[in-house]
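K.L.:
In the numbering used here, each residue carries its 1-based index in the sequence shown increased by 23. Have a look at this one.
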Amino acid sequence: MSGGIAITGVGAVSAVGGNVPALTAALLEGRCGIAPLTLFPYQGRSALAAQVPEGVTVPGTLPAVTARRLSRPDRFALAAASEACRDAGLDGALRHDAALALGATTGGMFESEEAYRQRQTGEAGRFRLSRLLGTSITTAASVVSQTLGIYGPQTTVSTACSSSALAIALAADAIRRGRARVAVALGTDGLCRLTYAGFDALQALDPEACRPFDAGRRGLSLGEGAGALVLEDVAHARARGVRPRALLLGHATGTDAHHVTAPHPEGVGALVAFRGALAAAGLPPEAIDYVNAHGSGTRQNDAVEVAVLRAVLGSRLARVPVSSTKSQLGHTLGAAGALEAVVTVLALDAGILPPTVGLRRPDPSFGELDLVPTPGRRLPLAVAASSSYGFGGHNVTLVLGRGEVP
């Protein structure tokens, strides 16, 4: 994959704020967005969440009737995508030469749950049936394309927690194959009771804020939000006089073919994805300066991921910074790959290493690792990798490089 794809704009909605400046500040400060869940009552293994604060707005140009139908993930997606396009200097409709790829898992499930709850409690009169129009995972892409004027190829993918990383890969492929000159790639997801019940049944939630790679880790912390990136052909960005924030140098996927929820004990699919992304980028493992890990905080997932990193990077792993920003943003499921890609772009662009917040005592079984404890630090970076692993053995790795002046 020679030359790479230019990443010219980023947008983010997360538990630490409704835009990229808020996210950047939280990364620099090592601030954790995980706190008690307030969106709905829940009694279970954990009632903590990386919940998006109130006040996330959507563009004022949206028709009022459409705005009323939006689910929380729809609003997150629209806010993040709009910010990314502004950041890229793309004004007005993107039109026919633009593509859109979005990753999600539960869509507007919270709104569906609220409709059912109100129906059961006799509050149905307070709920408008039109709100249910925003519950599908495909609605977010429709609303974003309608608002931004994207008439080219559009797709929504759902591969569990790697969904939006795959969306980024598909958007890049659309550009590389000449189907679009610009693409908006994003992921979005919202908290809901179904997600809590499912992860509770798996005993995968940490009663405390998650601590990826820590000896005392007990599981993940659920989160919500959206991440968006504007991808462009490098020549197109150059013609617009835009400096890329970063370059997408390579990407690859790999499948575990092992279990619905557990990773392959030898990380087969994750290893295929990481090595494949390096091969696509035309880079040796020695080129990696930083890894934004999947780092969910479960005992099995973290152990397998470290084994994969050791297989790829060898003895050099001890000198390569590895951190998990799920310790700050929670596990945002379908949004995780895109949000963490945005974080990786910010790390490359600003020369910062986001910390693994909450790390108290690194798991000694992992050997010597640089897990970037709080508050993180500054370090010039040339190449970084971001990995996302999902239920069903869906694994994606993105290799990104520092942006170049066109």
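Even for Gly, the Cβ is constructed at its ideal location relative to N, Cα and C.
1) Could you tell me if GLN169 is buried or exposed, where buried requires 16 or more neighbouring beta carbons within 10 angstroms of its beta carbon?
2) What are the start and end residues of the alpha helix (DSSP H) that includes HIS259?
3) Kindly indicate which three-state DSSP category PRO403 falls into: helix, strand or coil?
4) When every heavy atom of the ligand ATP is checked, does at least one fall within less than 6 Å of the C-beta of ALA341?
5) Is SER244 helix, strand or coil when you go by DSSP?
6) What residues are listed by DSSP as bridge partners for ASP237?
7) May I ask you to report which of helix, strand or coil DSSP gives GLN143?
8) Take every Cβ of the segment 50-66, pair it with every Cβ of the segment 253-272, and state whether three or more of those distances are shorter than 8 Å.
9) What are the start and end residues of each continuous alpha helix (DSSP H) run of 4 or more residues lying completely inside the segment 185-234, in chain order?
10) Inspect the beta-carbon positions of ALA195 and ILE311 and report whether they are closer than 7 Å.
11) Grab me the residues of THR278's own chain with a C-beta within less than 6 Å of its C-beta, minus the 5 sequence neighbours each way, in chain order.
12) Could you tell me the alpha carbon to alpha carbon distance between ALA38 and ALA232, rounded to whole angstroms?
13) Name the DSSP bridge partner or partners of GLY424?
14) Would GLY130 and SER159 qualify as a contact pair, given that the criterion is a beta-carbon distance under 7 Å?
15) Less than 6 Å between C-beta atoms, sequence neighbours within five positions excluded: which residues of the same chain meet that for SER347?
16) Per DSSP, THR276 forms a beta bridge with which residues?
17) Straight-line CA distance for ALA227 to PRO387?
18) Is PRO76 helix, strand or coil when you go by DSSP?
19) Would HIS354 and LEU243 be called neighbours here (beta carbons separated by less than 7 Å)?
20) How close, in whole Å, do the beta carbons of GLY172 and ARG118 come, if the pair is a contact with beta carbons under 8 Å?
21) Counting C-beta neighbours from all protein chains within 10 Å, is the total for SER185 16 or more, i.e. buried, or is it exposed?
22) Here's the rule: buried if 16 or more other CB atoms are within 10 angstroms of the residue's CB, otherwise exposed. What is GLN66?
23) Just to check my reading of the structure: GLY246 and ALA73 have Cβ atoms closer than 8 Å, yes? What is that Cβ distance to the nearest angstrom?
24) Can you tell me whether GLY390 is buried or exposed, with buried defined as 16 or more other CB within 10 angstroms of its CB?
25) Short of 8 Å in beta carbon distance, which residues of its chain neighbour ALA334, apart from the five on each side in sequence? Order them along the chain.
26) Taking just the CA atoms, how far does PRO377 sit from ALA260?
27) Can you tell me whether VAL283 is buried or exposed? The criterion is at least 16 other CB atoms within 10 Å of its CB, across all chains shown.
28) Using the C-alpha atoms, what's the distance from THR179 back to VAL43?
29) What did DSSP end up calling THR169 once you bin it into helix, strand or coil?
30) Under a three-way DSSP split, which group does LEU113 fall into?
P.N.:
In short, the structure shows the following:
1) Taking the first residue of the sequence shown as 1, we reach residue 169 at position 146. It counts as exposed.
2) Taking the first residue of the sequence shown as 1, we reach residue 259 at position 236. For HIS259, the enclosing alpha helix (DSSP H) begins and ends at 257-263.
3) If you number the sequence shown from 1, residue 403 lands on position 380. It is coil, neither helix nor strand.
4) Absence of the ligand ATP from the depicted structure is noted, as is the absence of any ligand whatsoever, leaving it without description.
5) Start at 1 with the first residue of the sequence shown, and residue 244 comes out as number 221. In the three-state DSSP reduction, SER244 falls in the coil class, being neither helix nor strand.
6) Position 214 of the sequence shown, counted from the start, is the residue given in the question as residue 237. Partner(s): PRO385.
7) In the sequence shown, the residue the question calls residue 143 occupies position 120. Here GLN143 sits in helix by DSSP.
8) The segment 50-66 makes no contact with the segment 253-272; the number of CB pairs closer than 8 Å stays below 3.
9) Every alpha helix (DSSP H) stretch that sits fully inside the segment 185-234 and reaches 4 residues is listed by chain position as 186-199 and 216-224.
10) Numbered from 1 along the sequence shown, position 172 holds the residue referred to as residue 195. Numbered from 1 along the sequence shown, position 288 holds the residue referred to as residue 311. The answer is no: Cβ separation not under 7 Å.
11) Position 255 of the sequence shown, counting from 1, holds the residue named residue 278. Taken in chain order, the residues that qualify are GLY292 and GLY416.
12) In the sequence shown, counting from the first residue as 1, residue 38 sits at position 15. In the sequence shown, counting from the first residue as 1, residue 232 sits at position 209. Cα-Cα distance, rounded: 13 Å.
13) Start at 1 with the first residue of the sequence shown, and residue 424 comes out as number 401. DSSP lists LEU270 and VAL406 as the beta-bridge partner residues of GLY424.
14) As a working note, residue 130 is residue 107 in the sequence shown. As a working note, residue 159 is residue 136 in the sequence shown. With contacts defined as CB atoms closer than 7 Å, GLY130 and SER159 qualify as a contacting pair.
15) Taking the first residue of the sequence shown as position 1, residue 347 is located at position 324. Closer than 6 Å at the Cβ level, and outside the excluded window around SER347, lie PRO235, ALA316, GLY318 and THR379.
16) Taking the sequence shown and counting its residues from 1, the one referred to as residue 276 is at position 253. According to DSSP, THR276 bridges with VAL419.
17) Position 204 of the sequence shown, counting from 1, holds the residue named residue 227. Position 364 of the sequence shown, counting from 1, holds the residue named residue 387. Distance between the alpha carbons of ALA227 and PRO387: 21 Å.
18) Reading the sequence shown from its first residue, position 53 is the one you call residue 76. Coil.
19) Here residue 354 is taken as the residue at index 331 of the sequence shown, counted from 1. Here residue 243 is taken as the residue at index 220 of the sequence shown, counted from 1. In this structure, the beta-carbon distance from HIS354 to LEU243 falls below 7 Å.
20) Taking the sequence shown and counting its residues from 1, one reaches residue 172 at position 149. Taking the sequence shown and counting its residues from 1, one reaches residue 118 at position 95. With a Cβ gap of about 6 Å, GLY172 and ARG118 count as contacting.
21) Residue 185 sits at position 162 when you count from the first residue of the sequence shown. Counting C-beta atoms within 10 angstroms of its own C-beta, SER185 has 16 or more neighbours from the protein chains shown and is therefore classed as buried.
22) Reading the sequence shown from its first residue, position 43 is the one you call residue 66. Exposed, since its Cβ has fewer than 16 Cβ neighbours within 10 Å.
23) Taking the first residue of the sequence shown as 1, we reach residue 246 at position 223. Taking the first residue of the sequence shown as 1, we reach residue 73 at position 50. That pair is a contact at about 3 Å.
24) Taking the sequence shown and counting its residues from 1, the one referred to as residue 390 is at position 367. So GLY390 ends up on the exposed side.
25) In the sequence shown, counting from the first residue as 1, residue 334 sits at position 311. Result list for ALA334: GLY290 and LEU294, in chain order.
26) Translated into the one-based positions of the sequence shown, residue 260 becomes position 237. Translated into the one-based positions of the sequence shown, residue 377 becomes position 354. When the Cα atoms are used, ALA260 and PRO377 turn out to be separated by approximately 28 Å.
27) Position 260 of the sequence shown, counting from 1, holds the residue named residue 283. By the C-beta density criterion, VAL283 is exposed, having fewer than 16 other C-beta atoms within 10 angstroms.
28) For the purposes of this step, residue 43 is identified with residue 20 of the sequence shown, where counting begins at 1. For the purposes of this step, residue 179 is identified with residue 156 of the sequence shown, where counting begins at 1. VAL43 and THR179 have their C-alpha atoms some 23 Å from each other.
29) Working through the sequence shown from its first residue, we reach residue 169 at position 146. The question names Thr, yet the displayed sequence has Gln at residue 169. GLN169 falls in the helix class under three-state DSSP.
30) Along the sequence shown, read from residue 1 onward, the residue named residue 113 stands at position 90. Reduced to three states, the DSSP call for LEU113 is coil.
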